[in-house]
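If you read the sequence shown in this note's numbering, its first letter stands for residue 296, the second for the next number, and so on.
Worksheet: one structure, shown below.
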Amino acid sequence: MVAQFLGLKLRLLGNLFRRSPWQVFGLIVGLLYGLGAAFAVLIGLVALRTVDVELARSVVVVAGSLIVLGFLFVPLVFGADDTIDPRKFSLFGIPTSRLALGLAAAAFVGVPALVMAIIAAAQVVTWARSVPATIVAIVSALVLVVTCILGSRVTTTVATLLLSTRRAREATGLIGLVVLSALSPLIAIMMTVDWEHQGLAVLHSIADIASWTPLGAVWAAPGSAAAGDAGAASGELIIALAFVGLLWLVWRVLVAAMLVRPDRVSRTRAYTGLGWFARLPASPSGVIAARSLSYWGRDVRYRSALVIVPIVPAVMIGALAVAGVSLHFLVLLPVPIMCFFLAWSTVHNDVAFDNTAVWLHVASNTDGRADRAGRIVPPLVLGLIVIAIGTPLCAWGYGSADVVPSLLGTSLCVLFVGLGLSSVISAGFPYPAVHPGDSPFAQPQSSATGASWVQGLSLLAVLAVTTPTVALAVLGIAFGEGWHIASLLVGLATGGVALWGGIVLGGRVFDARGPELLAFTARY
């Protein structure tokens, strides 16, 4: 049975080279890339044979843990084409144990397995310093290949089973985005380390922790044996073997589940009533506001932008705290920053988000001012809620209520100015955006230069207009007295004028460029 699965996998791989020339070229490039990466790691592992055992062990454990982590999580986050999905064999009556064994064996035929075999063999060379270390390295090499390939099969199957719907994939992407954003302070901390003098100590500390985890134990065992620590080597091998056993049990359970479970189907949610359309005024701006609120609640493109809003201040505060800025002042940043991203990042390209649906506004001769006013309702409401809740909390964290006027003035100014300028920019300078229904992580086909210019200039414009209010707030924090009230008054005046002017000017631009906007959305 195993031989039949191996033959099937070989035939599937051979069929890949019967596709179009460009697809074959891509496959060859991928193969060369994988072999090149394996060769680079091989050279590094061979070179480590000449260095101190402790240093070699730390480098191998840290780098190897990242390799195992990649095999486990890359298929889960990005998905993979499972050519030998267990569900394809559900009608053949093959016992679950035999099917699981055959599919697992077939997974060892492919480029990933070849790459890992090269790397595993190279680490044997690294630890061929004594007979016990060589024996442990050979055993670890076998366990290493099984761990990576079986682990990737498990996570690929989980991705196929659980992430088959678009909503599940988008949720996974958002979670991955949150995790990556949360790692930013860690990167900032790593940048503060004096690697010239403290780098080895940090490396050894990370390796000591990773060596007792399933990710690094299989890499650490030969190093411990080479250092003469038989107890540590035995314990690490036991952890590695136990992890392989756990992967096998999970794999068998997954195969059994997939044989009797069909593909997941997205559930269609039933909506009753008119929703926001029944709650808002029956006017052009009210209807557009209702439509915008509906989009913000259902469209994953807006949801992904909203997920970033609370993460950005947390990342910035973490990075600045690591850089030595006092937390006493950093607690004043979250509300203005969240207002800035609510106003700027979600509205300045709102027309492009509509895609061809904007023709309704053009064909019905909708007043541009009503269009501009209706579109800013969702971020305006959310921003006011953030200000109402966040301002007292920030003042409490700062330890003084004197900063409340400055916080209100700065936050309202940033929110109003961002919405006003975005109302003009979205009508005058749209750039291609992700289409409705597509993943928020898809890349629209366009020139990135134009988009970056629009984003950069609009961001600088918001910062320039809000600078006087921010400067007065800084003076209030430094000197107190009437500067806080001045910041509030200037912020309200600047923000109010910018918001009103943005709606009026943006409306005129929308009226004048309606056909061009419709042609733009149809083209992209």
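Even glycine gets a Cβ: it sits at the ideal position worked out from N, Cα and C.
Burial state of I414 is buried, judged by a 10 Å Cβ sphere holding 16 or more other Cβ atoms.
In the structure shown, V804 adopts helical secondary structure according to DSSP, grouped into three states.
In the structure shown, the three-state DSSP call for S589 is helix. Straight-line spacing of the CA atoms in S425 and T452 works out to 40 Å. Bounds of any alpha helix (DSSP H) do not take in L343, whose DSSP letter is neither H nor E. Of the other Cβ atoms in all chains shown, fewer than 16 fall within 10 Å of the Cβ of T762; this residue is therefore exposed. Of the residues assessed, D347 falls on the exposed side of the cut-off, its CB having fewer than 16 other CB atoms within 10 angstroms. By the Cβ-count criterion, F624 is exposed, with fewer than 16 other Cβ atoms from all chains shown falling within 10 Å of its own Cβ.
Separation of R667 and P673 (C-alpha to C-alpha, rounded to the nearest whole angstrom) is 12 Å. Around the Cβ of P727, a 10 Å sphere holds 16 or more other Cβ atoms; the residue is buried. Secondary structure of P576 (DSSP, three-state): coil.
The three-state secondary structure of W543, taken from DSSP, is helix. Within the same chain, and ignoring the five residues on either side of F572 in sequence, the residues whose Cβ sits closer than 6 Å to its Cβ are A585. For D645, the uninterrupted alpha helix (DSSP H) run begins and ends at 645 to 649, by DSSP.
Taking every protein chain shown into account, the CB of W422 has 16 or more other CB atoms within 10 angstroms, so this residue is buried. Here F724 carries a coil assignment [DSSP, helix/strand/coil]. A600 and T661 have their C-alpha atoms spaced approximately 27 Å apart. Annotation for P631: the continuous alpha helix (DSSP H) segment containing it runs 629 to 639.
Here L554 is actually not in contact with P390; their C-beta atoms are around 10 Å apart, not less than 8 Å.
Distances from the CA of A817 to each of L303, V657, L784 were compared; the closest alpha carbon is that of V657. The three-state secondary structure of N310, taken from DSSP, is helix. Residues of the same chain with a CB within less than 7 Å of the CB of S580, apart from the 5 flanking positions on each side, are A665, A668, G669 in chain order. Counting the other Cβ atoms within 10 Å of the Cβ of I504 gives fewer than 16, which makes it exposed. Sequence-distant partners of G802 (beyond 5 residues in either direction) whose C-beta falls short of 6 Å from its own C-beta, in its chain, are G663, R664, R667. The DSSP-derived three-state label of D666 is helix.
No Cβ-Cβ contact shorter than 9 Å links V604 with L628.
For F624, the enclosing alpha helix (DSSP H) begins and ends at 622 to 625. The alpha helix (DSSP H) runs lying completely inside the stretch 499 to 554 and spanning 4 residues or more are 512 to 521, 525 to 554, given in chain order. DSSP, reduced to helix, strand and coil, places T421 within a helical segment of the structure shown. Take G678, set aside five residues on each side of it, and the residues of its chain with a beta-carbon closer than 7 Å to its own are C634, L637, A638, L710, in chain order. By the CB criterion at 9 Å, Q299 and G359 fall outside the cutoff. Residue state for G775 is assigned as coil, using DSSP reduced to three classes. Between the alpha carbons of E776 and P700 lies a distance of about 12 Å. Looking at A400, L386, L337, the one whose alpha-carbon comes closest to that of G302 is A400.
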